[in-house]
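Residue numbers for the sequence shown, in this note's numbering: 88 to 545. Yeah, the Cβ is synthetic: ideal placement off N, Cα and C, and Gly gets one too. Note that the structure is predicted; figures quoted are calculated from it, not measured.
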Amino acid sequence: MAQLTGSIVKYPARNLVVWYLGLIAVGTILLSLSISRGSDAENISFLDAFFTATSASCVTGLAVRSTPHDFSFFGQLAILVLIQIGGIGIMTITTFTMFNLGTKPSLRARAILTETLGAGDDVDLKWILQHVLIVTAASEGIGFVILLARNLFLYEPGTAAWHALFHSVSAFCNAGFALHDDSLTSFQGDVIVNLTISALIIVGGIGFPVLLDLNKNWRRGPLEGWVNLHIHSKFMLFGTAFFLVAGFLGFLFLEWNGVLSEMPFEKKLLVSGFHSVSCRTAGFNTIDLSTLTNATLFISMMLMLIGAGSCSTGGGFKVSTVMVMALHAWKTFQGATRINFARRTIPSEVIQAATATALLFTFVAIAALTLLLVIQQSSVPHPNSQGLFLDAAFEVISALGTVGLSTGFTSTLSGTSKLIIIALMFLGRIGPISVFAALSMTERTTPVEYPKEEPLIG
């Protein structure tokens, strides 16, 4: 066993896995307590507590129990703390604490942190950590103030403040947990709520490296500032804008005569825009997803699979990964031997890593969907399935992308199926490559190089 797993202290990927498993374990215990259960709710089983703790810690948002009704204020507070810690990363918080206590973080802690935040080895980690927490506090604070001002027209002051805090943290962390059973459907036409939640989702999902890069270069002016941005930041800004617009136009076109048909034009734009933003791994919804067309659900699945940015509060196999793969494919079709963008050359190792990430995500999704179909639908003939296959596929992608959107399939999950979704949420938050690296052999030998031979591709 020691040869298989190695020392969890020595390797960053293993530390991340252990830390998140520990957070989930603590969350499961807290949510299993009677104090976490709502006054009129049924007992919360260990499996449901485990599922909810994983969903919160991995900032997913899938729920098998009603957050506002089945959990007391203590239970909701526990969920919120899990979301906050899981969103900005346990190692970010613990390392920042070590800095402030005067304890110098170890090289292992620095390796974990630089991997989490996408920082180089020559940066001041204390400065980065401070700015990460400042960005988090400032973003959630601004969202809280705006939502509080809006909620005061709807609730008592105490309830208004709690709802504002919960939803601002949940939105920035791309968690998708809400204190309404219909998510944010009751705020479907509320411009303030929609725009505030959307802004928090985008800021939290674009990634801390991009935010830090923008903060460092914005004073130089638009042109010079853009030139000095890292290529990752340019990828993220281009990709995020493209997928947001594509999702918005796709939803608006496909649902114009569907769920949007009875809405005024302004609300159509608002609902379409919010859905496009939320598919980036946030998990809030202002419409009933079960009423959408198959085409819209499929496009939503693609957006969920892509997800947000690296080193962000979101999941998916990342926008930058798709940008690298798309650029590589385009340049390859043109016969280029080097992949250049914005006067920079993409190393071949990055292209290989992007391809491996996408393939691994796809493989995990296919394997999980196969297991889910065998467990949930093996006795259901195809003519009687009534869209169950698409519901299951949507659920798998939503869990793996740590999104939290659902067509209602979550409530039908069996005990074994819940464990599959739990594993997917964990894999999606940590990243399949990190998980497999954590379980890999510690000692690797350089393989023998044989004569090269090229297979046919395409």
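With respect to the 9 Å criterion, His218 and Leu299 are classified as neighbours on the basis of their beta carbons. Annotation: Ala247 to Phe450 spans about 44 Å, alpha carbon to alpha carbon. The alpha-carbon of Gly148 is positioned some 7 Å away from that of Thr489.
Taking Leu458 as reference, the option from Leu506, Phe231, Asn130, Ser144 with the minimal CA-CA separation is Leu506. Ser435 is not a Cβ neighbour of His319, given a cutoff of 9 Å.
Met391 and Val358 have their alpha carbons spaced roughly 17 Å apart. The beta carbon of Cys145 is closer than 7 Å to those of Gly173, Thr489, Met512, Phe513, Gly515, Arg516 in its chain, skipping five residues each way along the sequence.
Phe231 and Ala140 have their C-alpha atoms some 24 Å from each other. Beyond the five residues adjoining it in sequence on each side, Val280 comes within less than 8 Å, by CB distance, of Leu234, Arg237, Leu271, Phe274 in the same chain, given in chain order.
The three-state reading of DSSP puts Thr432 in strand, counting E and B together. The beta-carbon separation of Ile170 and Val256, rounded to 6 Å, stays under the 8 Å limit for a contact. Sixteen is the threshold: since fewer than 16 other Cβ atoms of the shown chains lie within 10 Å of the Cβ of Arg307, the residue is exposed. CA-CA distance, Gly360 to Phe352, rounds to 12 Å. If one requires a minimum length of 4 residues, the alpha helix (DSSP H) runs lying completely within the region 317-375 are 318-341, 352-365, in chain order. Secondary structure at Asn427: strand, using DSSP grouped into helix, strand and coil. Just measuring C-alpha positions, the residue of Leu220, Phe420, Met388, Phe137 sitting nearest Glu482 is Met388. With three or more CB-CB distances shorter than 8 Å, the region 154-171 counts as touching the region 106-120.
By the C-beta criterion, the region 319-331 is judged to be in contact with the region 277-297, since at least 3 inter-stretch pairs fall below 8 Å. According to the DSSP assignment, Glu482 belongs to the alpha helix (DSSP H) that extends over 475-487. DSSP places Phe158 within a strand segment (E or B) once states are collapsed to three.
Counting along the chain, the unbroken alpha helix (DSSP H) around Ser285 starts and ends at 278-293. Around the beta-carbon of Gly245, fewer than 16 other beta-carbon atoms lie within 10 Å, marking it exposed. The alpha-carbon of His267 is positioned some 8 Å away from that of Thr154.
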